[in-house]
Amino acid sequence: IEKRIATGREGLTKKELSKLTKEQQKLDRNLSGIRTMRKPPGLLIVVDPYQEHIAVAEARKLNIPIMALVDTNCDPDPIDYVIACNDDALKSVKLILTALTAAIIEKKKEMNISTAKTEKQPLKSNKDEEEGIDISEEETDKEV
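Counting in my numbering, the sequence shown runs from 1341 upward without gaps.
Here it is as structure tokens:
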């Protein structure tokens, strides 16, 4: 659409140009985050899997784990991580999503700290190889 608008300005009527511009704005608003993604997401969080059944089906096809806020009207079988709650009440959704956001931010900070520590340490020494000790395994065994 961007190319068509840029190259075909002279050949398009005002109405066609307006329609294409509106369509481009809608696509940018809804899908602009996907444009910059380098790899598929590690987890899909869905607020209402009954309403968002298409997103759940797409995630299933792509083998993306799904975490969902599930109400009594939803089927929990296609969901990997179920959070049973009232997905219609704004306060409950906001409370749970705030907690999830805080947990994700905290975990990302921990991951950045642990990767910085492993970069400073040598990967393996000869003594560790003889004893069969892997430094990376020692760090991942810590409680998460």
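Where a beta carbon is used, it is the ideal one built from N, C-alpha and C, also for glycine.
Predicted model, so just to flag it, every value in this text is computed and none were measured.
- DSSP beta-bridge partners for A1424? V1410
- Item | Under the three-state DSSP convention, the category I1385 falls into | strand
- Message: Tell me which residue opens and which closes the alpha helix (DSSP H) that G1373 is part of.
- Response: K1354 to R1375
- Task: Assign L1402 to one of two classes, buried (16 or more other C-beta atoms within 10 Å of its C-beta) or exposed (fewer than that).
- Result: exposed
- Apart from the five residues on each side of it in sequence, which residues of its chain come closer than 7 Å, Cβ to Cβ, to R1400? P1418
- My understanding is that Y1390 touches C1414, with C-beta atoms under 8 Å, so please give their C-beta distance in whole angstroms. 5 Å
- On the three-state DSSP scale, how would you describe I1400? Just to set this straight, residue 1400 is Arg in the shown sequence, not Ile. R1400: helix per DSSP, three-state reduction.
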